[in-house]
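Beneath this line is the structure, given in structure tokens, with notes to follow.
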Amino acid sequence: MPQPELRRRGRNYQIELLDALRVGDPDRARLVMSEHMCEAERLMVEREAVIENRFFRAEDF
Numbered sequence: 178m179p180q181p182e183l184r185r186r187g188r189n190y191q192i193e194l195l196d197a198l199r200v201g202d203p204d205r206a207r208l209v210m211s212e213h214m215c216e217a218e219r220l221m222v223e224r225e226a227v228i229e230n231r232f233f234r235a236e237d238f
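Sequential numbering from 178 applies to the sequence shown in this note's numbering.
Here you go:
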């Protein structure tokens with residue numbers, strides 16, 4: 178299912194990362210990438226919980 182808000186946030190992180198790299202600011206680039214990956218992990222874990230709740234277990238039948 179499309180998630181425009183997630184795409185927007187991901188794109189913003191990428192823009193911030195490129196800006197930091199263009200001006201030669203490795204500390205800012207590292208911070209942006211770290212924040213991006215932490216948010217991505219959180220969202221994936223959240224989505225995994227939703228997906229797992231949809232599956233049936235063999236013992237449920």
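Where a beta carbon is used, it is the ideal one built from N, C-alpha and C, also for glycine.
Residue environment for VAL222: exposed (fewer than 16 other C-beta atoms within 10 angstroms of its C-beta). Note that the C-beta distance between MET210 and LEU194 is below 8 Å. For the pair ASP196 and ASP202, the Cα-to-Cα distance works out to about 9 Å. Of the candidates ARG224, VAL200, GLU225, ASN189, ASN189 places its Cα closest to the Cα of GLU212.
Assigned with DSSP and collapsed to three states, GLY201 falls in coil, not helix or strand.
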